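**Student:** Take a look at this one; I'll ask things after.
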Amino acid sequence: RAKESGKARSELFDERMQAQAVDALQTEDDLSLALAEGQLRLHYQPIVDLRDGHVQGVEALLRWQHPRRGLLQPADFVPLAERSGLIVDIGKWVIDEAWRTLENWYATIEDCRLTIAVNVSRRQLANAELLDAVATNQPTGPAGNALLVEVSEELLVADANAGFSTLHALRMMGVRVAVDDFGAGVSSLKHLQSMPIDHVKVDRHFIAGLGLHRQDEAVVAGIIGMAKNMGVGVVAEGVESHDQLDALRRLGCDSAQGFLLGRPSADVRDVIDLPALETGRDGTPRPVVVR
Ligand code: C2E
Ligand code: MG
Ligand code: MG
Ligand code: MG
Numbered sequence: 242r243a244k245e246s247g248k249a250r251s252e253l254f255d256e257r258m259q260a261q262a263v264d265a266l267q268t269e270d271d272l273s274l275a276l277a278e279g280q281l282r283l284h285y286q287p288i289v290d291l292r293d294g295h296v297q298g299v300e301a302l303l304r305w306q307h308p309r310r311g312l313l314q315p316a317d318f319v320p321l322a323e324r325s326g327l328i329v330d331i332g333k334w335v336i337d338e339a340w341r342t343l344e345n346w347y348a349t350i351e352d353c354r355l356t357i358a359v360n361v362s363r364r365q366l367a368n369a370e371l372l373d374a375v376a377t378n379q380p381t382g383p384a385g386n387a388l389l390v391e392v393s394e395e396l397l398v399a400d401a402n403a404g405f406s407t408l409h410a411l412r413m414m415g416v417r418v419a420v421d422d423f424g425a426g427v428s429s430l431k432h433l434q435s436m437p438i439d440h441v442k443v444d445r446h447f448i449a450g451l452g453l454h455r456q457d458e459a460v461v462a463g464i465i466g467m468a469k470n471m472g473v474g475v476v477a478e479g480v481e482s483h484d485q486l487d488a489l490r491r492l493g494c495d496s497a498q499g500f501l502l503g504r505p506s507a508d509v510r511d512v513i514d515l516p517a518l519e520t521g522r523d524g525t526p527r528p529v530v531v532r
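Residue 242 is where the sequence shown starts when you use full-length UniProt numbering, and the numbers rise one by one after that.
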């Protein structure tokens, strides 16, 4: 009897596994179709210069407008895209789209100095397509160096050699490199020194603790201090409150990004037309609009 129910259970398990496998295959097919049929979108979130309160640029965040399931977030499909290798073609599309956005800005905004940051995963750094995409259809603007790539710190530590050579090549092409979610992963401050990077983005978990946990403030101060010494820019991620913004200004952080300053939006004009931070009574800039 026990044997039988065990068998039944394992059959059930097999069925479930099979169903999951079929699901995954279907989603993979769906995803390559999504790319071919133009269901992918970029949403844009502003990055604000804390020295003068102006929007300095945007981060492009991938979305999938799924015909049945609605708007999907990266967590819903980027892991699959990475496993299946589709991320290489998707990443190429992301770069193309970023160039189109820049081209549009250059055509419509006088003396445009805005930057656009795209996220790049491990598979893409190991693939020549990324460099090809960057080299193709790059519009010329007044400032140059308008494209940034964001890579995770794990990638810079684990894959050092393969990753570094691509990053060096990108920097030769005028692309700047930012380490994303810094502090969340395995690397330490001393790794910063050996990384071919231009900016550090402080992980939002440390920002969340500003004003609440003294240790978080110490970590953020440490990252900012180290980055300053190395001539690397610092961006705070996930800024959600005025207290956090005030703390970041006090610590001398260069730039900030987060729901307080602007949520990701499908309409890039909406994001870059944000009014500059207003100067508060205490003399520190505050956002005029909280979205
Ligand atoms: P990320 O690069 O660290 O992007 C920041 C994430 O934090 C975004 O989530 C953004 O919506 C969210 N965020 C921004 N401000 C706040 C805030 O104030 N509070 C909180 N709680 N969250 C905030 P999203 O769009 O879901 O993206 C998640 C991750 O997916 C990104 O993290 C990035 O690693 C990855 N990703 C996004 N687009 C692409 C892409 O085109 N290619 C690749 N390979 N990965 C991508
Ligand atoms: Mg990012
Ligand atoms: Mg991040
Ligand atoms: Mg992240």
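From the three backbone atoms N, C-alpha and C, an ideal C-beta is built for every residue, glycine too. Remember, predicted model here, so these are calculated numbers, not experimental data.
#1: Indicate whether Ala477 and Val443 have their beta-carbon atoms separated by less than 8 Å.
#2: I need the straight-line Cα distance from Val530 to Gln267, nearest angstrom please.
#3: Under 7 Å: does the beta carbon of Asp439 sit that close to some heavy atom of ligand 1?
#4: Using the beta carbon as the reference atom, which residues fall closer than 5 Å to any heavy atom of ligand 2, ordered along the chain?
#5: Quick one: Cα of Arg532 to Cα of Leu253, how far?
#6: In whole angstroms, give me the CA-to-CA distance for Gln379 and Arg304.
#7: For Gly311, which of helix, strand or coil comes out of DSSP?
#8: Regarding Ser362 and ligand 1, is the C-beta to nearest heavy atom distance less than 7 Å?
#9: His284 lies in the beta strand (DSSP E); which residues open and close that run?
#10: If you drop the 5 nearest sequence neighbours on each side, which residues of the same chain put their C-beta closer than 8 Å to that of Gly415?
#11: Comparing alpha-carbon positions, which option in Gln365, Ala369, Leu371 and Arg417 lies nearest Leu396?
#12: Which residues mark the beginning and the end of the alpha helix (DSSP H) in which Thr349 is found?
#13: Taking residue 551 as the reference, which of Ala367, Ala410, Cys494 and Pro505 has the closest Cα?
**Tutor:** In this structure, then:
#1: The count along the sequence shown starts at 1 and reaches residue 477 at position 236. The count along the sequence shown starts at 1 and reaches residue 443 at position 202. For Ala477 and Val443, yes; Cβs fall inside 8 Å.
#2: The sequence position of residue 530 within the sequence shown is 289, counting from 1. The sequence position of residue 267 within the sequence shown is 26, counting from 1. Model confidence at Val530 stands at a pLDDT of 44, short of 50, so the residue's coordinates are unreliable; what they give is reported in the following sentence. So the two alpha carbons sit approximately 42 Å from each other.
#3: If you number the sequence shown from 1, residue 439 lands on position 198. Flag unset: Cβ of Asp439 not near ligand 1.
#4: Asn360, Glu391 and Asp421
#5: In the sequence shown, counting from the first residue as 1, residue 532 sits at position 291. In the sequence shown, counting from the first residue as 1, residue 253 sits at position 12. Only weak support exists for where Arg532 lies, its pLDDT of 37 falling under 50; the value from the coordinates is given anyway. Roughly 48 Å between the two C-alpha positions.
#6: Locating residue 379 in the sequence shown gives position 138, counting from the first residue. Locating residue 304 in the sequence shown gives position 63, counting from the first residue. Gln379 and Arg304: Cα-Cα distance of roughly 23 Å.
#7: Here residue 311 is taken as the residue at index 70 of the sequence shown, counted from 1. Here Gly311 sits in strand by DSSP.
#8: As a first step, residue 362 must be located in the sequence shown, where it is residue number 121. Yes, the beta carbon of Ser362 sits closer than 7 Å to at least one heavy atom of ligand 1.
#9: For this step, residue 284 is matched to residue 43 along the sequence shown. His284 -> beta strand (DSSP E) spans Leu281 to Asp290.
#10: Here residue 415 is taken as the residue at index 174 of the sequence shown, counted from 1. Closer than 8 Å at Cβ, skipping near neighbours: Gly385, Asn386 and Leu388.
#11: For the purposes of this step, residue 396 is taken as the residue at position 155 of the sequence shown. It is Gln365.
#12: Within the sequence shown, numbered from 1, the residue matching residue 349 stands at position 108. Where Thr349 is concerned, the enclosing alpha helix (DSSP H) stretches over Ile328 to Thr349.
#13: Any property of residue 551 remains undetermined from this structure, which presents the chain solely from 242 to 532.
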